[in-house]
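A quick write-up on the structure given underneath.
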Amino acid sequence: MAISADQVKLLREKTGAGMMDCKKALTESDGDFDKAIDILRKKGATVAAKRAERTTNEGLILTQISDDKKTAYMVEVNCETDFVAKSDDFISFSKLVLDAIVAQAPKTVEELLTLTQDGKVLSNELDSLLGKIGEKITVSRFIIEKSETGILVDYVHHGSKLGVLIKIDNVGAGNVDEIFTIGKDVAMQVAAMKPICVYREEVDKTLIEKELDIYKELARKEGKPEQILEKIALGKLNKYYQENCLFEQAFVKDNAKTIGDLFKEYNKKYSVESKLVLFHRFHLSDEKK
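One gets this note's numbering by counting positions in the sequence shown from 1 and adding 2 to each.
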């Protein structure tokens, strides 16, 4: 049977597939819309191997904090283009994924995709989205963090391409709203300054030795006396800590203070021992996911 342009247009509006793909699907199905949609979905499955070779550098990072601030969730869902990342279908799928993580606390991405949330199997929803959009879409990673003695704080930068979780323990009898505000500032600090760890003790010893060797060699090439190379290297290493360890970084809102000073002031004010424990930073540009 002859397929009209209006039929093709309607199927394209319903599925988001290309014009030629829609026309071929309608021709194969003799104009049956439901069968045509199935054909398009199956075609999406057949091109999965080619799609798998593509890169997914765009997407969304979503977070959620429980009402009691004791649990935090963050997930990264990727696609190929910013256009798709801003589409209603992709946003809805990403939110469904986050809802499943919050409600069911899976351990792995593989387990996550087997879950049913709001009556929808995530793997089926992903397949449908692949067929409709035609781009590679992946759930790259997620994290669930808990605190029994403190709070979790989240921050998502404008555009949802960068997200941060902060864990603060031993809040005690302090002011939860105040420490949460401090946590927000710290989360924004992590987003902006990209620390590699919270405390200098967490820096890999091999990295420290490597940095010291580099500093000594640079000082040696500058003609510095051999007997003071160690002192010079240690001074530069201390600066390295100040730039890369969150607790020692200068606070971006007030360079006269460090992040550590914020906690020292809060603890003194409320006679508590709150502690910045860890952070997670997800960015779409991260190479290792």
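All C-beta atoms in this analysis are idealised placements derived from N, C-alpha and C, irrespective of residue type, glycine included.
What you are looking at is a predicted structure, and each value in this text was computed from that prediction instead of being measured.
Is residue i buried or exposed, if buried means 16 or more other CB atoms sit within 10 Å of its CB?
i           : result
residue 227 : exposed
residue 236 : exposed
residue 229 : exposed
residue 183 : exposed
residue 114 : buried
residue 56  : exposed
residue 28  : buried
residue 38  : buried
residue 150 : exposed
residue 123 : exposed
residue 102 : buried
residue 261 : buried
residue 121 : exposed
residue 134 : buried
residue 216 : exposed
residue 276 : buried
With a CB to CB cut of under 7 Å and the five nearest residues on each side skipped, what residues in its chain are close to residue i?
i           : result
residue 137 : 81, 82, 83 and 86
residue 326 : With the chain running from 3 to 291 in the structure shown, residue 326 is simply not present.
Pick helix, strand or coil for residue i, following the three-state DSSP scheme.
i           : result
residue 14  : helix
residue 183 : helix
residue 277 : strand
residue 84  : helix
residue 327 : Residue 327 falls outside the range modelled here, since the chain spans only 3 to 291, and no answer is possible.
residue 239 : helix
residue 292 : As shown, the chain starts at 3 and ends at 291. That puts residue 292 outside it, with no answer to give.
residue 201 : coil
residue 36  : helix
residue 30  : helix
residue 102 : helix
Can you check DSSP and say which residues form a bridge with residue i?
i           : result
residue 234 : Beta-bridge pairing links residue 234 to no other residue.
residue 299 : Any answer about residue 299 is impossible in this case: the structure gives the chain only from 3 up to 291.
residue 123 : 118
residue 260 : 252
residue 148 : 73
residue 60  : 81
residue 66  : 75
residue 222 : The partner list for residue 222 (beta bridge, DSSP) is empty, contrary to what the question assumes.
residue 143 : 78
residue 156 : 167
residue 247 : 199
Quick one: residues in its chain with C-beta nearer than 8 Å to the C-beta of residue i, no 5 flanking neighbours on either side, listed in chain order?
i           : result
residue 59  : 80, 82, 286 and 287
residue 196 : 283
residue 98  : 119, 120, 122, 124 and 127
residue 32  : 3
Ordered along the chain, which non-local residues of its own chain (more than five positions away) have a Cβ less than 6 Å from that of residue i?
i           : result
residue 169 : 147, 149, 154, 279 and 280
residue 190 : 157
Note to self: Three or more C-beta pairs under 8 Å: does that hold for the stretch 156 to 170 against the stretch 69 to 87?
What the structure shows: Contact between the stretch 156 to 170 and the stretch 69 to 87 is present: 3 or more CB-CB pairs across the two stretches fall below 8 Å.
Notebook entry, point to check: Does the stretch 56 to 69 come within contact of the stretch 109 to 117, defined as at least 3 CB pairs closer than 8 Å?
Noted result: No, the stretch 56 to 69 is not in contact with the stretch 109 to 117.
Notebook entry, point to check: Taking three-plus beta-carbon pairs below 8 Å as touching, is the stretch 173 to 188 in contact with the stretch 267 to 275?
Noted result: Counting Cβ pairs under 8 Å, three or more are found: they touch.
Margin query: Does the stretch 237 to 248 come into contact with the stretch 197 to 214, if we say contact requires no fewer than three beta-carbon pairs (one atom in each stretch) closer than 8 Å?
Written below: At 8 Å Cβ cutoff, the stretches touch.
Item checked: Segment contact, 8 Å Cβ cut-off, at least three pairs: the stretch 22 to 36 with the stretch 4 to 11 -> With three or more CB-CB distances shorter than 8 Å, the stretch 22 to 36 counts as touching the stretch 4 to 11.
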